[in-house]
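So the structure is just underneath, and the comments pick up after that.
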Amino acid sequence: MALLKYESQVRPPLVDGDKDYHQVTEDIIRPIEMSPSKLWWTGFLIAVGLLCFGIYSVYRDVTYGIGQWNLNKTVGWGWDITNFVWWVGIGHAGTLISAILLLFRQGWRTGVNRAAEAMTIFAVMCAGQFPIWHMGRVWMAFFVMPYPNSRGPLWSNFNSPLLWDVFAISTHFTVSLLFWYAGLLPDLASVRDRAKLKWRKLFYGLTSFGWTGSTKHWQRHEALSLVLAGLATPLVLSVHTIVSFDFATSVIPGWHTTIFPPYFVAGAIFSGFAMVQSLLLITRKVLKLEDYITIEHIDVMNKVIVLTGSIVGVAYLTELFIAWYGQNKFEGWAFMQNRVNLFSPLGWSYYIMMGCNVLSPQIFWFRKMRRNITVTFFMSVIVNIGMWFERFVIIVTSIYRDYLPSSWSTYYSPTPWEIGFYLGTFGLFFTCYFLFSKFFPVIALAEIKHILKRSGENYKEKMDHAEHESVDEFAHEMAH
Amino acid sequence: MSIKKFVVGGFTDEQVLFSAVKKVRSSGYKIHDVYTPMPIHGLDKVMGLRETSLHTAGFIYGITGTTTALSGIGWIFTSDWPLNFGGKPHFSLPAWIPITFELTVLFSAVGMVMTFCYLCQLAPFVKKHHFHPRSTDDLFVMVLECTAKNNETEMSSFLGSLGAIEISVQEAEADWWFGRYDKDSKPFEKKSASLA
């Protein structure tokens, strides 16, 4: 049996430069073996600083209660749930890249999947903080777990979308973590086998679980990855669907719509890819991985961003149309007065959302813009600002002026501790990401080697002559 | 748990490895294992390994999750503590679908990963003999087991004729043991040394 390694020349290479297997190992493991740069320390310390501020904010939440937030009647959900949905959304890109693109056999995922999956796990960790500390009496958080108890037994409400959320997000976190770690095992073994220092041998020996690279183990590993991908694909769609149910199953104007699940999922992928871009553009530069995370990868991800951004745009317009077409006065008010009316108290947030999410990504219809690193980085930040405002618009503008004008709330703006909590999750996220990029291979080593001889630049060049050969000739050559 | 003698040969190219595996098998030598830095599709078939049943295990774990969720919620809401939510039916299956789905995925994923680790003997503090440090870098390492009938010099030269480099004969523990990678402990060797 010949190993057919041919890939069309029309497809651009996924690994640039003259690489062989050993060079790939060198390039990807080198950052782990070097002592961290000043830049790394600066970033890490800023992240830890933010984390400390966040911890202090949360400490105050527990001590004084969440009354120190500016939540009021009727704005019972403000920055906290906005941040929760925002982080969960970001957490979708990693699973999408690692699972859905694996099922679709997209070779380019190999360069970005490891970092994207790590980002997913950290983002879900950040997301989880908000509902937990929002409980106020956080020491009773375990009440959400269904177990036989001495309170009746009074079980949790399985018909409630909030409990569905608990199950969805904890399952998403667990499955993403397992998927990520299963993929890491062979790469950690590579680090272990090169290690010179004693602590590295110990640490990577422990974390690689004694991986040897046996053919039988690889066969099982492949089967595991494929089935986990098959499981994670509906899972990732279900998670944001269920998050959208938190809103859609209520009877609040602006929330009570059937369009929410697909609209939320598209938005999640949109913001997740933007966050992947932000992180990877920095990572590839700092760790000198430009040969593995190429302009091609950035280009492809920008295509996903313009696609999902446009889907989100269609969803916004559909919502508006239905608000008018449905002729429900309350729904109409929520859209036409609380959102579209620029001169209403929070009307400005609707236009930030529209501008950042729908209009600005259209720039990526141009190939030159998709391949421009500065533009991409700028846009990735803009998109995440826009997606934060989307959640803010959905949550706050739907509830701050509802059925009863006498209970219309005063202008909602966050207190420093609400902002501090949000900044704290940034600290948590980046602390984790900095540690990850220092101690773990940020690119899936084994997967890059797997595609190297098919999609590596130097191998593709050698394949050039095959382009002019007939299929029979080529097959004959490969077989001997 | 037994110490065996192995002939180890490294290959730098998958193509060469493939034909070598075929030739080794047809000439009757016993392949202990082939260690590769990345998955090589089709190598398992060439080596004559059977297809893994991990998928089936995953399916069984999955339906266990489905059954757990449905029977658990069903029992709680219809028999153990039937709560009245606005007069809606106690047995409200559509509302249980999200949790049922999540538990199906959770059981299947966790079960499969644990089965995978069990089958491949993967865990912290588990240690195995590594025939070549480059087998996780850029070398495809074929390990042949010496039996009473075989001659190791013959096997080594045979591997060399198939394109192997860095051929060596190693006596090693074929099984796993508890140990740390920063310490060169080989408990089985120690035991045999003290016996001698």
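So the protein lines, in turn, are chains G and V. Going letter by letter, the first sequence gives residues 1394 to 1873 in the working numbering. Going letter by letter, the second sequence gives residues 62 to 257 in the working numbering. Glycine is no exception: its CB is placed at the ideal position from the N, C-alpha and C atoms. As the structure is a computational prediction, the values presented were derived from the model and not from experiment.
Three-state secondary structure assigned by DSSP to residue i
i	result
residue 244 of chain V	coil
residue 209 of chain V	coil
residue 257 of chain V	At residue 257 of chain V the pLDDT is 44, less than 50, meaning the model places this residue with poor confidence and gives no usable figure here.
residue 72 of chain V	strand
residue 1437 of chain G	helix
residue 238 of chain V	strand
residue 1395 of chain G	In this predicted model, residue 1395 of chain G has a pLDDT of only 40, less than 50, meaning its place in the structure is not dependable; the value taken from the coordinates is given anyway. Coil.
residue 1649 of chain G	coil
residue 53 of chain V	As shown, chain V starts at 62 and ends at 257. That puts residue 53 of chain V outside it, with no answer to give.
residue 1854 of chain G	helix
residue 1400 of chain G	coil
residue 1833 of chain G	coil
residue 1722 of chain G	helix
residue 1690 of chain G	helix
residue 1685 of chain G	coil
residue 1413 of chain G	coil
residue 1713 of chain G	helix
residue 63 of chain V	coil
residue 134 of chain V	helix
residue 1664 of chain G	helix
Identified DSSP bridge partners for residue i
i	result
residue 94 of chain V	V:204
residue 1607 of chain G	V:96
residue 1849 of chain G	G:1408
residue 324 of chain V	In this structure chain V extends from 62 to 257, so residue 324 of chain V is not present and cannot be described.
Under 8 Å between C-beta atoms of residue i and residue j
i	j	result
residue 1549 of chain G	residue 1539 of chain G	yes
residue 1513 of chain G	residue 1484 of chain G	yes
residue 1566 of chain G	residue 1517 of chain G	yes
residue 234 of chain V	residue 64 of chain V	yes
residue 1511 of chain G	residue 1829 of chain G	yes
residue 198 of chain V	residue 1843 of chain G	no
residue 161 of chain V	residue 127 of chain V	yes
residue 1740 of chain G	residue 1734 of chain G	yes
residue 231 of chain V	residue 67 of chain V	yes
residue 1625 of chain G	residue 1486 of chain G	no
residue 129 of chain V	residue 164 of chain V	yes
residue 1786 of chain G	residue 1742 of chain G	yes
residue 1666 of chain G	residue 1698 of chain G	yes
residue 1745 of chain G	residue 1632 of chain G	no
residue 1682 of chain G	residue 1658 of chain G	no
residue 1850 of chain G	residue 1406 of chain G	yes
residue 1836 of chain G	residue 1685 of chain G	yes
residue 1645 of chain G	residue 1737 of chain G	no
residue 1462 of chain G	residue 1808 of chain G	yes
residue 1519 of chain G	residue 1480 of chain G	yes
residue 1559 of chain G	residue 1628 of chain G	no
residue 1454 of chain G	residue 1810 of chain G	yes
residue 1712 of chain G	residue 1750 of chain G	no
residue 1654 of chain G	residue 1637 of chain G	yes
residue 1515 of chain G	residue 1825 of chain G	yes
Proximity test, residue i beta-carbon vs the ligand GTP heavy atom, cut-off 7 Å
i	result
residue 1783 of chain G	Absence of the ligand GTP from the depicted structure is noted, as is the absence of any ligand whatsoever, leaving it without description.
Contact between the stretch 86–98 of chain V and the stretch 181–200 of chain V (3+ Cβ pairs under 8 Å): yes
May I have a chain-ordered list of the beta strand (DSSP E) segments no shorter than 3 residues that lie completely inside the stretch 136–210 of chain V? 201–206
Let me know the alpha helix (DSSP H) ranges lying completely inside the stretch 1430–1487 of chain G, each 4 residues or longer, listed in chain order. 1431–1457, 1472–1483
Inspect the CB distances between the stretch 218–231 of chain V and the stretch 69–89 of chain V and report whether three or more fall short of 8 Å. At 8 Å Cβ cutoff, the stretches touch.
Restricting to runs no shorter than 4 residues, where is the alpha helix (DSSP H) found entirely within the stretch 1581–1647 of chain G? 1591–1600, 1608–1641
Fully enclosed by the stretch 1487–1573 of chain G, which alpha helix (DSSP H) runs are 4 residues long or longer? Counting only runs of 4 or more, we get 1502–1527.
How do the stretch 112–126 of chain V and the stretch 1612–1620 of chain G stand: do at least 3 beta-carbon pairs fall below 8 Å, yes or no? Yes, since at least three Cβ pairs between the stretch 112–126 of chain V and the stretch 1612–1620 of chain G fall closer than 8 Å, the two stretches touch.
Counting pairs of Cβ atoms below 8 Å between the stretch 1465–1476 of chain G and the stretch 1804–1815 of chain G, do you hit three or more? These segments touch.
Those runs of the alpha helix (DSSP H) which lie wholly inside the stretch 1728–1807 of chain G and span at least 4 residues: Listed in chain order, they are 1740–1747, 1760–1763, 1766–1792.
Is it the case that the stretch 1769–1781 of chain G contacts the stretch 1436–1452 of chain G, given that we only count it when at least three CB pairs across the two stretches are under 8 Å? Per the Cβ contact rule, the stretch 1436–1452 of chain G is not in contact with the stretch 1769–1781 of chain G (fewer than 3 Cβ pairs under 8 Å).
Is the stretch 1590–1599 of chain G in contact with the stretch 197–217 of chain V, if contact means three or more CB pairs nearer than 8 Å? no
Given 8 Å, three or more beta-carbon pairs between the stretch 1650–1665 of chain G and the stretch 1712–1729 of chain G: yes
Segment contact, 8 Å Cβ cut-off, at least three pairs: the stretch 1601–1612 of chain G with the stretch 1577–1586 of chain G: yes
Three or more beta-carbon pairs under 8 Å between the stretch 1528–1545 of chain G and the stretch 1493–1500 of chain G, yes or no? no
Hey, is the stretch 1797–1805 of chain G in contact with the stretch 1424–1435 of chain G, meaning 3+ C-beta pairs nearer than 8 Å? Contact between the stretch 1797–1805 of chain G and the stretch 1424–1435 of chain G is absent, because fewer than three Cβ pairs lie under 8 Å.
How about the stretch 1687–1696 of chain G and the stretch 1756–1763 of chain G: do they share at least three Cβ pairs that are nearer than 8 Å? yes
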